[in-house]
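Here is the structure we will look at.
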Amino acid sequence: MSNSSEYTHVYINGEARQVSAATVAELIVELGMQDKRLAVELDEMLVPKSKHAVTPLYEQAKIEIIQAVGGG
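Residue numbers for the sequence shown follow our numbering, beginning at -7 and rising by one.
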């Protein structure tokens, strides 16, 4: 298997990246953000947390990940 088929080329918060994740949920784990409160957009559409595990990533996808920050 060639390297090009092992990775998907995506944009995360505007930065070009190669990821091995196949879904939004796998991407969050790959980025080490699984314990964070996040909002995820895929090509300008909000992806509910309940759909992270079944939402596939694809070539040139534009992903925005926003981390909720609390405090006062």
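All C-beta atoms in this analysis are idealised placements derived from N, C-alpha and C, irrespective of residue type, glycine included. All values derive from a computational prediction rather than experimental measurement.
Residues sharing a beta bridge with residue i, DSSP
{"i": "Leu30", "result": "Gln59"}
{"i": "Val46", "result": "Paired residue(s): none; Val46 is not in a bridge."}
Unbroken alpha helix (DSSP H) run spanning residue i, endpoints
{"i": "Val16", "result": "16 to 22"}
CA-to-CA distance, residue j to residue i, given in whole angstroms
{"i": "Gly62", "j": "Tyr50", "result": "32 Å"}
{"i": "Arg9", "j": "Leu30", "result": "19 Å"}
{"i": "Pro48", "j": "Lys54", "result": "12 Å"}
First and last residue of the uninterrupted beta strand (DSSP E) at residue i
{"i": "Val11", "result": "7 to 11"}
{"i": "Val39", "result": "37 to 39"}
Proximity winner among the options, relative to residue i (alpha-carbon distances)
{"i": "Ala45", "options": "Val21, Glu36, Ala60", "result": "Val21"}
{"i": "Glu(-2)", "options": "Val11, Ser42, Asp35", "result": "Val11"}
{"i": "Glu36", "options": "His1, Ala13, Thr0, Ile58", "result": "Ile58"}
Residue j beta carbon less than 8 Å from that of residue i
{"i": "Val39", "j": "Val16", "result": "yes"}
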